[in-house]
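Colleague: Encoded as structure tokens, here's the structure I'll be asking about.
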Amino acid sequence: MAKCEALSLLESLCQDLDLILSVLSLVYLLVCFPLGLCYNVLLVAVNLSNKVSMTMPDVYFVNVAVAGLVLNLVAPVELLGSAFTRWHAWEYSYELHITLLILFNISSLVVMYSTTLLSLDYYIERALPRTYMSSVYNTKHVCGFIWGGAVLTSFSSLLFYVCNHISTKMVECSKMQNEEAADAIMLFIGYAVPAAAVLYAFVLILRIRKESTPLDQDSGRLDPSIHRLLLASVCVQFALWTPYYTALLAHTVTGAPRHVGSGHHSLSYNFAMRASKLLAFSSSFAMPLMYRQMNKNFAGKLQRLLGRLHCRDQSCPHERSAVQQVVT
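Here the sequence shown stands for residues 648 to 975, numbered as in the working numbering.
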């Protein structure tokens, strides 16, 4: 009798949590999603229209913004499905589920490694200003390698999908049908390695800040506000992504079922995974908003971009004066 009452209480609690998650998902889609999409597009457009004035951190934040746009594509499809909201708009196939998972994993890796390499390059810039190592040119090539590495790492999910549709008589594929192994790879490469690298970079940065030198007055150094932006972005990224990777750790260790099953462990795990994924989607909204608020050069670049767009259809005063000078 007591066991039945406990189960009924657990089911009612899960229903309440599902309702809360449904409401939060809809709030995200109505508020955070359009703002995140708008700010990510602005961040990319403003910086790419001012390539000459781009700095090393700008390149990494553009990279994160592009990954945020990919998350913006995945978010509405997943959040309007039956897994996140009671008032779902559609049910999607297993093929689409795998596609969304691969895009989500790629974005996750790009975000985490861009943040990590930003920390390491910022240390290099502070220790050795005006060097080629942390230049914008190098950073652009590094970002290309980040995307390539993210695609290759997420390839394990694609292999799992392919093997799941091939005859189980094939020994190789039957051994690869293991979601725990795929999650363990993502956990190690996508979280453990970046976390260790960021911690190491922060230790080095703090050591340099304690050992002030005449180079600190160098006008060629990055703006001091970049340090605050770096610290805030790293903290926010790890705060929003840690719950998701913690859920992956639980799945790897306990082998908890990813899809709906029986037992309160399954219900708890599924809710934790969905809630943590909603937090991860929020990073696509938080990062460009922080960049907009904490980067003092963004407002000026945005005004210049809007001015050029306004002058596209009509001649601007400075353009008319330039034409007059040429005529005279």
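Every residue, glycine too, gets a C-beta built ideally from N, C-alpha and C.
If I measure Cβ to Cβ from residue 786 and keep anything under 6 Å in the same chain, skipping five residues before and after, which residues do I get?
Modeller: So the qualifying residues of the chain are 703 and 706.
Colleague: Buried or exposed: residue 958, going by 16 or more other Cβ atoms within 10 Å of its Cβ?
Modeller: Per the 10 Å Cβ criterion, exposed.
Colleague: Name the DSSP bridge partner or partners of residue 737?
Modeller: Beta-bridge pairing links residue 737 to 728.
Colleague: May I ask you to verify whether the region 747 to 755 touches the region 716 to 723, counting CB pairs closer than 8 Å and requiring at least 3?
Modeller: Because the criterion of three Cβ pairs below 8 Å is met, the region 747 to 755 and the region 716 to 723 touch.
Colleague: Return the residue from the list 802, 855, 851 and 845 that minimises the CA-CA distance to residue 832.
Modeller: Checked all of 802, 855, 851 and 845; the closest Cα to residue 832 is 802.
Colleague: For the region 685 to 692 against the region 731 to 738, are there 3 or more C-beta pairs whose distance is under 8 Å?
Modeller: With the cut-off at 8 Å, the region 685 to 692 and the region 731 to 738 do not touch.
Colleague: Is residue 713 near residue 766, with beta carbons less than 8 Å apart?
Modeller: In this structure, residue 766 does not lie closer than 8 Å to residue 713 by Cβ.
Colleague: Please work out which residues of its chain come closer than 6 Å, Cβ to Cβ, to residue 906, disregarding the five sequence neighbours upstream and downstream, and give them in chain order.
Modeller: Any reading at residue 906 needs caution, since the residue's pLDDT is 44, under 50, leaving its predicted position unreliable; the model's value is listed next. For residue 906, where only same-chain residues beyond five positions count, there are no Cβ hits under 6 Å.
Colleague: Got a sec, what are the start and stop residues for the alpha helix (DSSP H) residue 901 sits in?
Modeller: Residue 901 -> alpha helix (DSSP H) spans 872 to 901.
Colleague: Verify whether the separation of the beta carbon atoms of residue 841 and residue 763 is less than 8 Å.
Modeller: For residue 841 and residue 763, yes; Cβs fall inside 8 Å.
Colleague: Under the rule that 16 or more other beta-carbon atoms within 10 Å means buried, what is residue 882, buried or exposed?
Modeller: That one is exposed.
Colleague: State the Cα-Cα distance for the pair residue 737 and residue 727, rounded to the nearest angstrom.
Modeller: Residue 737 and residue 727: Cα-Cα distance of roughly 7 Å.
Colleague: If you follow the alpha helix (DSSP H) that residue 835 is in, where does it begin and where does it stop?
Modeller: That residue, residue 835, is in no alpha helix (DSSP H); it is neither H nor E in DSSP.
Colleague: Based on Cα-Cα distance, which residue from 682, 940, 891 and 942 lies nearest to residue 918?
Modeller: Of 682, 940, 891 and 942, the residue nearest in Cα terms is 891.
Colleague: Taking the alpha-carbon of residue 923 as reference, which of 895, 901, 932 and 933 has the nearest alpha-carbon?
Modeller: Ranking 895, 901, 932 and 933 by Cα distance to residue 923 puts 895 first.
Colleague: What is the rounded straight-line gap between the Cα of residue 699 and the Cα of residue 783?
Modeller: Going from the Cα of residue 699 to the Cα of residue 783 covers about 10 Å.
Colleague: Quick check on the burial criterion: 16 or more other C-beta atoms within 10 angstroms. Buried or exposed for residue 681?
Modeller: Label assigned to residue 681: exposed.
Colleague: What is the DSSP secondary structure of residue 701, reduced to helix, strand or coil?
Modeller: Three-state result, residue 701: coil.
Colleague: Are the beta-carbon atoms of residue 938 and residue 876 separated by less than 8 Å?
Modeller: Contact: yes.
Colleague: Could you check what DSSP says for residue 930 in three-state terms: helix, strand or coil?
Modeller: Helix at residue 930.
Colleague: Alpha carbon to alpha carbon, how far is residue 956 from residue 932?
Modeller: Taking the straight line from one Cα to the other gives about 25 Å.
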